Each structure stands twice: as C-alpha cells, then as structure tokens.
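Chains as they are written, first to last, in our numbering: chain F, 1 to 133; chain E, 1001 to 1299.
Next comes the structure, spelled out in structure tokens:
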C-alpha cells in the first residue's frame, strides 16, 4: 500500500509477492534423505571368502539440511545452534550434515583362513534412517 | 630373538591372516592396537583398511569341506533373510556359529557282529579362530550320514558315542572322557545331519582357553526297532564321515549384533517369528534346556 502511495520509492521490480518471502523456509529440493545403494561382494572380489549374502544394501544419507530442523529429523537443538553460527557468526563452521541415525544388522557367512566356516551377525551394517547433525 | 621368529611362524601356521596383518606395512599399528586389531573378524579387517586385496592375495586359504559348507548355507537360510537381515527366533541366542572340520583323523574301523558297527576315530580340532569375547552357548558334533543300504520306513539306530580328550601335556593318560548314548530315529526320508550335543564335554576345555582339542571318538551303531524286543538285527553299514565340530557362540564384542538381548541396547524388540524349527534333529532333545536358557537370557 505504501508503494502505491509513493510509487517512486518502490524499486522497479516485479510486484512484490509472498511466495518469494516464504521460499527461504521451504525444505531444500534435495533435502537430507536415505538413498539406495546395493553392492555384491563379487564386485569387491570378496566373494571368495564371503559366501552369503550375495547382495548387500548398506544405503547412505545425502542432501541439504533445512534451516528449521525440528522434529522432522529428530535433530537436537545443537544442530540449530550450529546452523546459526554458520549463518550469522562464522561461515568456516560447517553447516549441519546429513548422516545416518539408525541402522539394522547384517548376517554374514564367511570362510576363515584356516578353512573353518563362520556365521556372524554384525551390528549397524545397514543405514535405515537419516538425520541432520 | 629366535623365540619371536618361531612364535610368528607358529602364528602363521595357526592363523595366517593375523600374521599377514603383521607383514602388511599398512597394518603396522602400535602393539596394543594391533593385538586388538588382529582380533577383528576378517570382515571388519577388510572393511576397515580396504586391505582385502593384499590380504586376499597374500594369505593362502584352505578350502572348507563341501558338506560343511552345505550345512552352514542351510543354517544361514534358517537364520537370516535373503538380504542378510537376522531373523528373530525364540532360542536364537547365538550371534556367531563356527564350524570346524578336523585337522587330523586317524580312523579305526572294526566290526563286531554282536556290538554292531563300531567306528572309532581320533580327531584334532584347532579352535584358534574363537576369540576371547565369544562365549560358548552350545557345541555339537555334526555327523552327516550317507547310508548306502536303503532303510526300511521306520528304523531306529541305537548309538553309543564315547569321547576321550587326549591331553599330551600330562604324562597321565587322558582322563576326561565323556560317553553319550542316544537313539536316532530315521524317518522314511534319509536324514542327512545329526547334531550330537557335546557342550558339557567341551565347556571346560574352552573355558580354560584350550584351543587344540584332541578327541578319540568311538561310535557304535545298531539297527533295531524298540517296539520289538528282539535282538538288534545285523548292524547296517552306515558310512560315517568324520564329524565336524559346531560351536554356537555369543560374541560380546561391540561389532556383534545383540538383537535378542533387549536389555543391552534398549532396542525395539524384533518381531518374534515363532518357534525355531531347526532342520536338524537334536538327539539329545535339549531344546527344552535351550528354551529355558533362551527365556533366562531374554529375562
């Protein structure tokens, strides 16, 4: 309204719209999320001693962390503080990173150098959820 | 000094890949760290230093017995999904199963018509791969039966197994002996595997860190039908392949999965999927014991 009263003051740009204003709050296009990755131990040439499983999907986390983390990523308050430091105080402090938050185990059947065979269940071998930290 | 070089030679013979980790310059870690590092299972060793190629090319690998491999693949299918996710089974308290084939076997076979077919065999198992953090839950001798004579539909084997532990360190002849009597019931389908529980025999040896287990195993089998009290018929000639030694262990290290131990991690409990139906008959029928142990552990 102020612009209409005094058009000279308004910069010669397209009419002001709210969507521009809200853009800074929407989640980034490539926001932090879990990505599929599947490998077979034969690609690593480990299939001579890893008998099973044949395929293994460790998955990984990738993407930008939005400024307002909140409940969506289960991030601690420290993450917001770190983001604030990066934006307001010192850009050499890294922005929060997109990292795994939860994992699931993997059972592996391998041949040991002495020829014995072992079945083992390893903790934290498959990423199942991401977070910003 | 000579002693160290000899030590490393013995070490190479016992567990080549540990010695390889010392030969490999990348792995010249401080002594304390290296010892801990050497304990890492090969999978983590390879993953942590991408040394798999050098590790793989340098270290000669003994090929496992094909029957043993078949059994372990069957156990894997019972215990994990196709993607390798462990299945939660009642009584599935182990997170590690090790199968050892005997290093040495001197077989003596004598046929005594009255007592039936007796097989006695001297077996030497080297258990160096068992780490200090792996606690024994159960150990079994795993026999695979190839019966050359077709078996009528319902027949029962009455078997007697006696085990002596050879202890060369002491002059006195081996005293620890262990004898089990059990009966096997072969259904129409030929049974491939039989697990014979020898936990009470092996527990004290493993607890005292004995890593070379020398057993004299005497296996006598009669074929008889318990219903009819007649004298057991002639012994059937069951070709007995020397047994493998199977250890069900609970690895207490950080890298191992402790899904069944909810207290430890406060994790969401996996969905229990019913009673574990092992593909193998356990003639000692100690499932009940296993369950009570399972219940106790989960409690």
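Where is the CB? At the ideal position from N, CA and C, for every residue including glycine.
Computed from a prediction, not measured in an experiment: that's the story for all the values here.
Neighbour flag for residue i against chain F, beta carbons, 9 Å
i	result
residue 1086(E)	yes
residue 1252(E)	no
residue 1277(E)	Interpretation of residue 1277(E) is limited by its pLDDT of 39, a score under 50 that renders its predicted location unreliable; no figure is taken from the coordinates.
residue 1132(E)	no
residue 1039(E)	Because residue 1039(E) carries a pLDDT of 43, less than 50, the predicted location of this residue cannot be relied on, and the following value inherits that uncertainty. Cβ-Cβ to chain F under 9 Å: no for residue 1039(E).
residue 1097(E)	yes
residue 1257(E)	yes
residue 1076(E)	yes
residue 1136(E)	no
residue 1079(E)	yes
residue 1243(E)	no
residue 1124(E)	no
residue 1216(E)	no
residue 1207(E)	no
residue 1062(E)	yes
Residue-level contact to chain E via CB, residue i, 9 Å cutoff
i	result
residue 132(F)	no
residue 122(F)	yes
residue 118(F)	yes
residue 34(F)	no
residue 42(F)	no
residue 109(F)	yes
residue 60(F)	no
residue 74(F)	no
residue 85(F)	no
residue 52(F)	yes
residue 106(F)	yes
residue 56(F)	yes
residue 186(F)	Residue coverage of chain F in this structure runs from 1 to 133, which leaves residue 186(F) outside it and unanswerable.
Helix, strand or coil at residue i [DSSP, three-state]
i	result
residue 1217(E)	strand
residue 33(F)	strand
residue 125(F)	strand
residue 1248(E)	strand
residue 20(F)	helix
residue 52(F)	strand
residue 104(F)	strand
residue 1135(E)	strand
residue 81(F)	helix
residue 1196(E)	strand
residue 1068(E)	helix
residue 1077(E)	helix
residue 1256(E)	strand
residue 1204(E)	helix
residue 1023(E)	Bear in mind that a pLDDT of 41 at residue 1023(E), under 50, signals an unreliable position, so the number given afterwards is only what the model happens to contain. If DSSP states are grouped into helix, strand and coil, residue 1023(E) belongs with the helices.
residue 73(F)	helix
residue 89(F)	helix
residue 1094(E)	coil
residue 1234(E)	Summary for residue 1234(E): the model assigns pLDDT 48, below 50, so the residue's position carries little reliability; its value from the coordinates is reported in the next sentence. Coil at residue 1234(E), not helix or strand.
residue 120(F)	strand
residue 1162(E)	strand
Closest Cα partner of residue i within the set the options
i	options	result
residue 1241(E)	1199(E), 1086(E), 1212(E), 1142(E)	1142(E)
residue 1064(E)	81(F), 124(F), 132(F), 111(F)	111(F)
residue 48(F)	133(F), 91(F), 109(F), 130(F)	109(F)
residue 1252(E)	1093(E), 1077(E), 1067(E)	1093(E)
residue 57(F)	73(F), 107(F), 131(F), 81(F)	107(F)
residue 1067(E)	1144(E), 1086(E), 1081(E)	1144(E)
residue 1254(E)	123(F), 18(F), 91(F), 17(F)	123(F)
residue 1206(E)	1099(E), 1132(E), 1077(E), 1193(E)	1132(E)
Residue i vs residue j beta-carbon contact at 9 Å
i	j	result
residue 1096(E)	residue 1134(E)	yes
residue 86(F)	residue 77(F)	no
residue 1127(E)	residue 1245(E)	yes
residue 34(F)	residue 61(F)	yes
residue 1125(E)	residue 1214(E)	yes
residue 53(F)	residue 1083(E)	yes
residue 121(F)	residue 1256(E)	yes
residue 1217(E)	residue 1130(E)	no
residue 97(F)	residue 125(F)	no
residue 1248(E)	residue 1162(E)	no
residue 1136(E)	residue 1075(E)	no
residue 41(F)	residue 59(F)	no
residue 140(F)	residue 131(F)	Nothing can be reported for residue 140(F), as the shown portion of chain F is limited to 1 through 133.
residue 65(F)	residue 95(F)	yes
residue 102(F)	residue 79(F)	no
Practice task
Please determine if the region 1069–1078 of chain E and the region 111–119 of chain F are in contact, where contact requires at least 3 C-beta pairs separated by less than 8 Å.
Solution key: Cβ pair count under 8 Å is three or more, so yes.
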